[in-house]
Amino acid sequence: VMRTWVLLSAVLWCLTGVRCPRSTLFNAKGFLYGKTGQPEKIYVKLHQNSPVLICMDFKLSKKEIVDPTYLWIGPNEKTLTGNNRINITKTGQLMVKDFLEPLSGLYTCTLSYKIVKAETQEEKTVKKRYDFMVFVNPFAPGWKGACNGSVDCEDITNRNILQARNRIEEFFWSQAYIFYHNFNKTLPAMHFVDHSLQVVRLDSCRPGFGKDDGLHSNCASCCVVCSPATFSPDVGVICQTCVSVLIYGAKSCPTSNKNQPCED
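Read in order, the letters of the sequence shown correspond to residues -20 to -1, 1 to 244 in mature numbering (1 follows the signal peptide of the UniProt record, and there is no 0).
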């Protein structure tokens, strides 16, 4: 989420985090178990690693399973294999490193394992599917250092900007005091007009991101990457409709296809 304060004509941008509700299946180490029948929605900070997605539900993880195999399918509907960005373990755990807008989308894992009937020793293969909808919300470069490693730095950055506002205001007031009470001193050509310093809070999202309390009801105040068929060209609040957009995080609406016009 980007929350901004305007000081005079200058705009100080705060690309800050939002306390998005975490899944109840997150544990302290950042692991996320799947659920059968419904996708898990996950919000990953830009340029950070995703939580570890586990190709198994929590209840099944407490049991011993026979000959498990795991098949991960990515947002491009192709089988995922490990690389420098996608880490997949032999036990079906997946983590995406340095998350970017195009990596958003549906991650699906199919778990196959065998059950053996004790009476007949007959084997049966069971398959379970787990869906994870992964989205990204933005942070400015250097946010981690500016917040001294804080996971959620919205309060810190907003407080810093308010302190900057107060110091600027104090500076102008002190110059005005000196000007009115020390007529014989040489002063710079500076004039302070009462009430000319104003602070206005703006709520907006960076291009390619927007808010949608319908699609992201559990993170309604988050600026989330625009989904396919939508785009955001400026620092607005919502993603606009454009049926010709096929990617996540679009900042423009292609106009070459006249049969697919953009809509607001």
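The C-beta atom is built at its ideal place from N, Cα and C for all residues, glycine as well.
For residue i, which three-state DSSP category applies?
i	result
F6	Only weak support exists for where F6 lies, its pLDDT of 45 falling under 50; the coordinates are left without a value.
E20	strand
P48	strand
N138	helix
K42	coil
Q101	coil
C89	strand
S84	coil
Y160	helix
Answer yes or no: the CB of residue i versus the heavy atoms of the ligand FMN, is any distance below 6 angstroms?
i	result
T16	As for the ligand FMN, it is missing from this structure, which has no ligand bound.
Can you pull the DSSP bridge partners for residue i?
i	result
G190	V204
F115	Y23
residue 246	The chain is shown only over -20 to 244; residue 246 falls outside these bounds and no answer can be derived.
T210	T221
D78	D78 pairs with nothing; no bridge assigned.
I148	Answer is none; I148 lacks a bridge partner.
residue 248	What is shown of the chain runs -20 to 244, which leaves residue 248 out entirely.
V215	Bridge partners of V215: none, in fact.
T61	Looking at the DSSP assignment, T61 forms no beta bridge with any residue, so it has no partner.
H108	The displayed chain sequence assigns Lys, not His, to residue 108. Answer by DSSP bridge pairing, in chain order: L91.
I53	T59, T88
With 16 as the cutoff for other CB atoms within 10 Å, does residue i come out buried or exposed?
i	result
K21	buried
G17	exposed
I34	buried
S232	exposed
N198	exposed
A8	With a pLDDT of 43 at A8, under the threshold of 50, the predicted position of this residue should be treated as unreliable, though the coordinate-derived value follows. Flag for A8 reads exposed.
L74	buried
F151	exposed
V116	buried
Y23	buried
T210	buried
V96	exposed
H196	buried
Y157	exposed
V180	exposed
On the three-pair Cβ rule with 8 angstroms, is the stretch 20 to 32 touching the stretch 79 to 89?
yes
Contact between the stretch 183 to 190 and the stretch 54 to 74 (3+ Cβ pairs under 8 angstroms)
no
Taking contact to mean at least 3 C-beta pairs separated by less than 8 angstroms, is the stretch 135 to 151 in contact with the stretch 43 to 56?
no
Does the stretch 32 to 44 come into contact with the stretch 86 to 100, if we say contact requires no fewer than three beta-carbon pairs (one atom in each stretch) closer than 8 angstroms?
yes
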